[in-house]
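If you're matching positions, the sequence shown starts at 12 in this note's numbering and goes up one per residue. Backbone N, C-alpha and C define an ideal beta-carbon position, used for all residues, glycine too. Bear in mind the structure is a predicted one, so any value in this text is a computation, not a measurement. Below is one structure; the comments refer to it alone.
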Amino acid sequence: MDIHYQIASSYKPDAHLIGSKTIKTGIEQYGSAPQEESKDFIKPERDSNLPYWIIIDTKGTLKGLLHEVRRFEFCKDVVIFISQDTPKDYINYLEKRNYDFHIVGKKNIDLDTSFKILSDKYNVKKILTDTGKILGNLLINNGFVKEISLLVHPVIVGKKSYNIFESINKNIGLKLFRYDIIDKDFIWLTYKVDNTKN
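This is the structure:
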């Protein structure tokens, strides 16, 4: 995982876009989140060069867990995108804790509107997404991904493999523009994507 995070930080993004399921899974892997404290209800004051963490959470999956994300020292703060169908108790939870949140879409998130808000309000120009297949495939299918970075590990996974691109609805051309060998056994491949929006 160290190599993964080294690569991610090398992009110097304005924001990290992460799905709620990815965050919940990550928190659960390390046990349960600690109890909230009074400081968790206040926006952190951190270096303005740090990236925002942008989270799509229409179902309120992260209720009771967001303070764990906000505490992460390399995150400027958390911005949540929800829909009109998001449970009201989750909206109250966000308001009481002074999270920036935006309602964009009836049931699902309107990505075009979300990215416009990020650009206009938060001056976000470069977004790094490090997420699972649901959000990742949605972004690729809708032409929002300009670059794909893959880290090839020297392991044959077999039957337990995780097909991260299984919901891509058409063949998408890629153009290799960078490759590096890291620590002798890992290969970092970076591709430009052909189907991006202008």
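> Are the segment 119 to 126 and the segment 158 to 177 touching by the rule of at least three beta carbon pairs closer than 8 Å?
Replying inline: no
> Would you say residue 138 and residue 183 are within 8 Å of each other, going by their C-beta atoms?
Replying inline: Start at 1 with the first residue of the sequence shown, and residue 138 comes out as number 127. Start at 1 with the first residue of the sequence shown, and residue 183 comes out as number 172. No, Cβ-Cβ distance for residue 138 and residue 183 is not below 8 Å.
> Can you give, in chain order, each stretch of the alpha helix (DSSP H) that sits fully within the segment 21 to 62 and has at least 4 residues?
Replying inline: 31 to 40
> Where are the alpha helix (DSSP H) runs, 4 residues long or more, that stay fully inside the segment 137 to 176, in chain order?
Replying inline: 144 to 152
> Can you check whether the CB of residue 32 is closer than 8 Å to the CB of residue 145?
Replying inline: Within the sequence shown, residue 145 is the residue found at index 134, counting from 1. Within the sequence shown, residue 32 is the residue found at index 21, counting from 1. Yes, the pair counts as a contact, with Cβ atoms nearer than the cut-off.
>> Can you list, in chain order, the residues of its chain with a C-beta nearer than 7 Å to that of residue 98? Leave out the 5 residues immediately preceding and following it.
In response: Taking the sequence shown and counting its residues from 1, one reaches residue 98 at position 87. Cβ within range, chain order: 71.
> Looking at the unbroken beta strand (DSSP E) that takes in residue 11, where does it start and where does it end?
Replying inline: Only positions 12 to 209 of the chain appear in the structure, and residue 11 is not among them; the question remains open.
> Using DSSP with H/G/I as helix, E/B as strand and the rest coil, what is residue 73?
Replying inline: Locating residue 73 in the sequence shown gives position 62, where the first residue counts as 1. Residue state, collapsed to three classes: coil.
>> Short of 7 Å in beta carbon distance, which residues of its chain neighbour residue 53, apart from the five on each side in sequence? Order them along the chain.
In response: As a position in the sequence shown, residue 53 is number 42, starting the count at 1. Counting only Cβ-Cβ distances below 7 Å, and skipping sequence neighbours, we find 109.
> At least one CB of chain D closer than 8 Å to the CB of residue 36: is that the case?
Replying inline: In the displayed structure, chain D is absent; only one protein chain is listed.
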